[in-house]
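Participant: Following our numbering, the numbering of the sequence shown begins with 1011 at its first residue and continues without gaps. In this text, a Cβ means the ideal position worked out from N, Cα and C, and glycines have one as well.
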Amino acid sequence: MTTADRPFRLAPLLALLHPGRLAWPAAIALVIGLILGWGGFLVLGLPRWAITAIVLLVLLPVGILKWRDDLRRHGFTIMMLSILLITQGVHTIEHLMQFAQYYIQLLPARQANGLLSPANAEWVHFVWNWSVLLVVLVLLRGGVRNPPAIALLVVAGAHAIEHTYTFVRYLQVLSELRELEVLRVTAQGLPGIIGRDGWLARSPLTQGTFLCTLPGITTAMRLDVHFWWNIIETTLLLGAATWFLGGHPPTLVPSWWRAREWWGARRARQGTGASVG
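See below:
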């Protein structure tokens, strides 16, 4: 594939993510959500994370209509791909905010909770990552079978296992705290399989081997570990979607790209005519 051909493979992905006829409703919903969110924060004293929650709730109906359009035009598999791309994109923004809060704002790790802090809970991570894995399996069954998609399945599966481990540990520690009648201490933020103080670094099975001293894998803090989990998943998802959509009919190609193709072909014909004359 030449450099000039690459935009043609990206165009279907851009078209799928574009809200299309719902662009104006999406923009209006965003403005309304921001007004309501900031109004609730400034006037009613709602917590700051409520701004994000209100914006997402106001945008949700537009998203549902967009996914209904995707289902009608392109079928169930592409609709599910659209849902995963958009929700994973929002999830990525949350991880980027946590990263910025810790490394730029210099907030303590426990306070670097992103834009929607109540969602930074073990049960939410557990449900979210298993949901992502299930959707990836649905996509594979629907025909999204390419190297990035297979790699995404492996990474999403490993990520789900990681959060299963942390969720089980969370429940165990919470139970122990309750037995000790310690009720005001949270067990949130425990290390997982990888990362600093994780199972790989502390397990008797790995002691004395190179596995317990792997740079990053056994030394990175939890915030970094899950930031990079998410970046890898999102990158593979974009690759799998681009690969899959590139082999589909041009119904997904946006009108602006068709106009560009038409203009390029017209100029080529004019150039050929001029050279012949």
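Is Val1053 helix, strand or coil when you go by DSSP?
Facilitator: In this structure, Val1053 counts as coil in the three-state DSSP scheme.
Participant: In terms of alpha-carbon separation, which member of Leu1027, Gly1099, Trp1077, Gly1073 lies closest to Thr1245?
Facilitator: Of the candidates Leu1027, Gly1099, Trp1077, Gly1073, the one whose C-alpha sits nearest the C-alpha of Thr1245 is Gly1099.
Participant: Is the beta carbon of His1173 closer than 7 angstroms to that of Phe1294?
Facilitator: Residue 1294 cannot be examined here, being either before or after the span of the chain that is shown, 1011 to 1287.
Participant: With H, G and I counted as helix, E and B as strand and the rest as coil, what does DSSP make of Pro1118?
Facilitator: In the structure shown, Pro1118 sits in coil (DSSP, three-state: anything other than H, G, I, E or B).
Participant: Can you tell me whether Val1041 is buried or exposed? The criterion is at least 16 other CB atoms within 10 Å of its CB, across all chains shown.
Facilitator: Answer is exposed; the Cβ neighbour count stays below 16.
Participant: For a quick check, are the C-beta atoms of Ile1093 and Trp1077 less than 7 angstroms apart?
Facilitator: In this structure, Trp1077 lies closer than 7 angstroms to Ile1093 by Cβ.
Participant: Determine the burial state of Tyr1180: buried for a count of at least 16 other Cβ atoms within 10 Å of its Cβ, exposed for fewer.
Facilitator: Buried, since its Cβ has 16 or more Cβ neighbours within 10 Å.
Participant: Taking all protein chains shown into account, decide if Thr1196 is buried (16 or more other Cβ within 10 angstroms of its Cβ) or exposed.
Facilitator: Counting Cβ neighbours within 10 Å, Thr1196 comes out exposed, since fewer than 16 surround it.
Participant: Is the beta carbon of Ile1204 sitting closer than 7 angstroms to the one on Tyr1175?
Facilitator: For Ile1204 and Tyr1175, no; Cβs fall outside 7 angstroms.
Participant: Taking the alpha helix (DSSP H) that Met1089 belongs to, which residues open and close that run?
Facilitator: Segment 1086-1113, the alpha helix (DSSP H) holding Met1089.
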